[in-house]
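At the far end of the sequence shown sits residue 86, using the UniProt record's numbering, and the numbering has no gaps.
Every residue gets a Cβ at the ideal spot worked out from N, C-alpha and C, and that includes glycine.
In this text, all values refer to a predicted model and were calculated from it rather than measured experimentally.
Down below is the structure, laid out as C-alpha cells.
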Amino acid sequence: MRARILAEALEITPFRKLLYSSDAYGLAEFHHLGALAFRQGLAGLLRERLAADEMSLPDALRLARWAGRDNARRVYRLPGGPADDG
Numbered sequence: 001m002r003a004r005i006l007a008e009a010l011e012i013t014p015f016r017k018l019l020y021s022s023d024a025y026g027l028a029e030f031h032h033l034g035a036l037a038f039r040q041g042l043a044g045l046l047r048e049r050l051a052a053d054e055m056s057l058p059d060a061l062r063l064a065r066w067a068g069r070d071n072a073r074r075v076y077r078l079p080g081g082p083a084d085d086g
C-alpha cells in the first residue's frame, strides 16, 4: 500500500517538489515509524521501477535523496542544503 500511494504521488508531483512528511505528533516513536514506513515504501517502489527497467540506478538514488532530504533542505533553506545536481 505504501508503494502504491508513493507511486501515485510521483505520477503527479515533480520529483524536485516532493517532500516527506510523517504527519506524526506526540511520541518520538510515531515520527520514527512514519519515517521507516516512508523509507520502506519508497525503497520498494524504486526496486520495482529498477526491475522493470523504468528507471536507472542513478535516477533512483537521486529521487530517494531528493524526496527524503534534499528537497526539504532546499525549500526550508536548512544548513547543509544540496548543490543543484539537476
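Please state whether DSSP places PRO58 in a helix, a strand or coil. Translated into positions along the sequence shown, residue 58 becomes position 58. Three-state result, PRO58: helix.
Buried or exposed: which applies to ASP23, given that a residue is buried once 16 or more other Cβ atoms fall within 10 Å of its Cβ? Taking the sequence shown and counting its residues from 1, one reaches residue 23 at position 23. Exposed: under 16 other Cβ atoms inside 10 Å.
Which residues bound the alpha helix (DSSP H) around ARG69? As a first step, residue 69 must be located in the sequence shown, where it is residue number 69. Taken as a continuous stretch (DSSP letters only), ARG69 belongs to no alpha helix (DSSP H), as it is neither H nor E.
What separation, rounded to the nearest whole angstrom, lies between the Cα atoms of PHE15 and ARG69? Locating residue 15 in the sequence shown gives position 15, where the first residue counts as 1. Locating residue 69 in the sequence shown gives position 69, where the first residue counts as 1. So the alpha carbons of these two residues sit roughly 12 Å apart.
Quick check: the Cα distance between LEU57 and ALA28, rounded to an integer number of angstroms? Start at 1 with the first residue of the sequence shown, and residue 57 comes out as number 57. Start at 1 with the first residue of the sequence shown, and residue 28 comes out as number 28. Approximately 32 Å between the Cα atoms of the pair.
Please go through the same chain and pick out, in chain order, the residues whose beta-carbon is closer than 7 Å to the beta-carbon of LEU6, but skip the five residues on each side of it. The sequence position of residue 6 within the sequence shown is 6, counting from 1. So the qualifying residues of the chain are GLY41, LEU42, LEU45.
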